[in-house]
Amino acid sequence: MAGDCCDRSELHKPHFCRPGGKRMSWRSTSVGFMVVGVVVALVIPVFATPRPVSQVNLASDQTLRMVIREPTSMDPNLAGDHSIWYVDQVFEGLYKILDDGNVRWLGAKSMEISKDGLTWTFRLNPAARWSDGKPVTASDYEWSWKRAMDPKLASDVASFYVAIKGADDYISGKLKDSSQIGIKALDAYTLQVTMAEPAPYFRAVAGLTYLYPVPRHVVEKYGDKWTEAGNIVGNGVFTMQSWKHDQEMVLVRNESYWGKRPTLQKVIFRIAPAGELCGADFRAYEANETDFAMCVPTADIDRVMRHPQMSKELTAELLSASQFLVFDTGRAPWNDARVRQAFNLAIDREKVVRALSRGLFKPTKVLVPPGIQGYDPGHALQMTAADAGRLLGEAGYAGGRGFPDFKLTAPDIRGNRTLAELLQQMWKETLGVTAQIEIMEPKAFSAWRSARKNQPFDMYTRGGWWSDYEDPTNWYNIFFVDGWLNSHWQHEQFLQLVKAAAPELNKAKRIALYDQADRILERESPTIGLWYFTDYWMRKPWLKDLQHTRILGFFWLRDAVILAH
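Taking the working numbering, I'd label the letters of the sequence shown as residues 8 to 572.
Written out as structure tokens, the structure reads:
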């Protein structure tokens, strides 16, 4: 993964920057699964095939043109930043869980989970093939997953495996024998996974790009060069034809794919210069050099929305992602909940959103986004900005008098300076206090934020957080049990609730536990929710059946088609 913040061209593309070093020791999922018997065969409705477009209307040239960033890696065992989207075109895993909770089975055809939630058995798809024609087997998954955890590989995505028995010790180097990890190929097409403790979230994690298999025979033959064009072998619907680094990557339809092959014959990725993705992407789209733009510069949104044709080509969808402010609750004055509440209530989120996204972000007064167990906008503080001054006065700082100097720190990502200045103005007008603003180079900010684990600060905002999958452990437990935010917030009842909720197999009980926890979180305000991110992109009228997910903002090219035009 790419650290706290990467060099993103636009504030509204959070999925281009993955947070780094996350240890997922408390993770679980809310995608509608419960264990109810000795062994449960997971029967999930298969995601329906996209609405077919009449073959008569198809263009003879099924070539999709796009602008992208240079992938940092095409190795599923290593890719943890924006590269996962390109990996997803060339490789596939056991299945995909889509936004509606349905499953699209891919490398697996079924899954069984024991009553105690510890043993997971995947029945693989015997028709699945690598692009060189060799079968994809359970041994490929076992070898790949253990490779991803190997300390010698030092992969950031190893953290997604820690629920598996022995994985955490193997990743840390404490366990040397990989055969002791709870991953076994029982036969060519049966993969058994044993958990260290009940882990209902693993249903979602097992379908992520970080758990896609890699071809052992190719990795061992070419070593670090195995992902280069001419060497790489995948199991997805596309395969790599060429890769001129920092210039262009070309994918073509994988004719060895086991299932329905894409209508698209070729995808041409033009690689934008570092730090120029959004501008280059939009300029190429406007010049009709591409069919699809994943990004629209904030400065151009008003013009696009007023344009008679381009406004019809613009699409906006809410992401499972939010922006927020973090306090150091371990020191005064931020250890007083009334102070945090006052700063929370003094923020005009509508004004912030208008300034930063022309109103395309969605303001929020709570931390977690819709779709996460515990989410309830009704848990927000039931007070107004008029109460902010009163709360600050009750804390001993009436009118801001006697309030200590404090600093708001943020990475130099487009929009953060404007955000900081808006907050500074609002707090001055409502509370009578003046924030110092410190904007840091992104890599320096990442190092600074990591050091806050043992060092004091006042408050910070970063590049947002978005769900790897829609589950409360990806938020509450990562942030406050694992302490990833470094907010130093220790609330005993809250911690007890989320620790109990993480492994809970009863869905109703789990929801109730996280609901109680969220009420405490929003009342105490150790973090302040600001807005939910929106993914907005443009596509030409002839590009149809392009699938988008709110989780990580993925685009699926496998079902896309180009109409005659």
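The beta-carbon is built from N, C-alpha and C at its ideal position, and this holds for glycine as well.
How big is the Cα-Cα spacing for residue i and residue j?
i           : j           : result
residue 428 : residue 258 : 44 Å
residue 388 : residue 264 : 52 Å
residue 116 : residue 313 : 47 Å
residue 103 : residue 399 : 48 Å
residue 358 : residue 350 : 16 Å
residue 571 : residue 547 : 12 Å
residue 335 : residue 475 : 25 Å
residue 518 : residue 261 : 42 Å
residue 58  : residue 184 : Since pLDDT at residue 58 reaches only 48, below the 50 mark, its modelled position is unreliable, and no value is offered.
residue 458 : residue 535 : 21 Å
residue 553 : residue 333 : 36 Å
residue 362 : residue 346 : 26 Å
residue 527 : residue 375 : 13 Å
residue 76  : residue 87  : 14 Å
residue 173 : residue 152 : 12 Å
residue 179 : residue 191 : 20 Å
residue 379 : residue 237 : 42 Å
residue 436 : residue 444 : 16 Å
residue 224 : residue 491 : 37 Å
residue 381 : residue 337 : 25 Å
residue 377 : residue 228 : 46 Å
residue 291 : residue 275 : 13 Å
residue 364 : residue 306 : 9 Å
residue 420 : residue 135 : 42 Å
residue 119 : residue 324 : 34 Å
Does the beta-carbon of residue i have 16 or more other beta-carbons within 10 angstroms, so that it is buried, or is it exposed?
i           : result
residue 28  : Low confidence applies to residue 28: its pLDDT is 37, below 50, so where it sits in the model is not reliable, and the reading given next is rough at best. Residue 28 should be labelled exposed.
residue 542 : buried
residue 266 : exposed
residue 194 : exposed
residue 140 : exposed
residue 463 : exposed
residue 559 : buried
residue 83  : buried
residue 235 : exposed
residue 89  : buried
residue 348 : buried
residue 316 : exposed
residue 281 : exposed
residue 133 : exposed
residue 107 : exposed
residue 469 : buried
residue 123 : exposed
residue 162 : buried
residue 64  : exposed
Assuming residue i contacts residue j under a Cβ cut-off of 8 Å, what Cβ separation, rounded to an integer in Å, is found between them?
i           : j           : result
residue 569 : residue 69  : 5 Å
residue 396 : residue 440 : Their Cβ separation, rounded to whole angstroms, is 11 Å, which puts residue 396 and residue 440 out of contact at 8 Å.
residue 131 : residue 196 : 4 Å
residue 241 : residue 98  : 5 Å
residue 94  : residue 81  : 6 Å
residue 233 : residue 226 : 5 Å
residue 510 : residue 205 : 4 Å
residue 170 : residue 203 : 6 Å
residue 563 : residue 322 : Incorrect: roughly 14 Å between the Cβ atoms, too far for contact.
residue 557 : residue 326 : 5 Å
residue 278 : residue 293 : No, residue 278 and residue 293 are not in contact; Cβ-Cβ is about 19 Å, not under 8 Å.
residue 496 : residue 449 : The Cβ separation is near 25 Å, so there is no contact.
residue 413 : residue 465 : 4 Å
residue 472 : residue 329 : 6 Å
residue 447 : residue 455 : 6 Å
residue 565 : residue 269 : 5 Å
residue 567 : residue 367 : Actually they do not touch by this definition, with Cβ atoms about 24 Å apart.
residue 561 : residue 92  : 6 Å
Say whether chain D places a C-beta atom closer than 8 Å to the C-beta of residue i.
i           : result
residue 217 : Looking for chain D here will not work: only one protein chain is present.
### Query
Does the pairing of the segment 500 to 519 with the segment 477 to 492 give three or more beta-carbon distances under 8 Å?
At 8 Å Cβ cutoff, the stretches touch.
### Query
Which ranges does the alpha helix (DSSP H) cover as unbroken runs of at least 4 residues, wholly within the segment 339 to 422, from first to last along the chain?
Entirely contained in the segment 339 to 422, the alpha helix (DSSP H) runs reaching 4 residues are, in chain order, 344 to 352, 356 to 364, 392 to 401.
### Task
Pick out the complete alpha helix (DSSP H) segments inside the segment 486 to 535, 4 residues or longer, and give them in chain order.
Listed in chain order, the complete alpha helix (DSSP H) runs (minimum 4 residues) inside the segment 486 to 535 are 499 to 508, 514 to 531.
### Query
Is it true that the segment 534 to 548 meets the segment 364 to 372, where meeting means three or more beta-carbon pairs spaced less than 8 Å apart?
Contact holds: three or more Cβ-Cβ distances are below 8 Å.
### Task
Could you tell me whether the segment 418 to 432 touches the segment 376 to 390, where touching means 3 or more Cβ pairs closer than 8 Å?
In short, these stretches do not touch, since the Cβ pair count stays below three.
### Message
Runs of 4 residues minimum, wholly inside the segment 127 to 204: which ones carry the alpha helix (DSSP H) assignment?
### Response
145 to 156, 174 to 179, all fully within the segment 127 to 204.
### Task
Output the residue ranges of the beta strand (DSSP E) runs that lie fully inside the segment 229 to 281 and measure 3 residues or longer, sorted by chain position.
Runs of the beta strand (DSSP E) lying entirely within the segment 229 to 281, each at least 3 residues long, are 245 to 251, 255 to 260, 273 to 278 in chain order.
### Message
With a threshold of 8 Å, are at least 3 pairs of Cβ atoms found where one atom belongs to the segment 522 to 529 and the other to the segment 336 to 350?
### Response
Counting C-beta pairs closer than 8 Å gives fewer than three between the segment 522 to 529 and the segment 336 to 350, which falls short of the contact rule.
### Query
Does the segment 482 to 495 come within contact of the segment 202 to 220, defined as at least 3 CB pairs closer than 8 Å?
Verdict: no, contact absent.
### Task
Ignoring anything shorter than 3 residues or poking outside the segment 421 to 485, list the beta strand (DSSP E) runs there in chain order.
Listed in chain order, the complete beta strand (DSSP E) runs (minimum 3 residues) inside the segment 421 to 485 are 442 to 447, 466 to 468.
### Query
Are three or more beta carbon pairs between the segment 156 to 163 and the segment 196 to 207 nearer than 8 Å?
Touching, no, given that fewer than three Cβ pairs across the two stretches are closer than 8 Å.
### Task
Determine contact between the segment 297 to 306 and the segment 136 to 156, defined as no fewer than three beta-carbon pairs at a distance below 8 Å.
Of all C-beta pairs linking the segment 297 to 306 to the segment 136 to 156, fewer than three are shorter than 8 Å, placing the two stretches out of contact.
### Segments of 4+ residues assigned as alpha helix (DSSP H) that fall wholly inside the segment 86 to 121
DSSP runs (the alpha helix (DSSP H)) wholly in the segment 86 to 121: 91 to 97.
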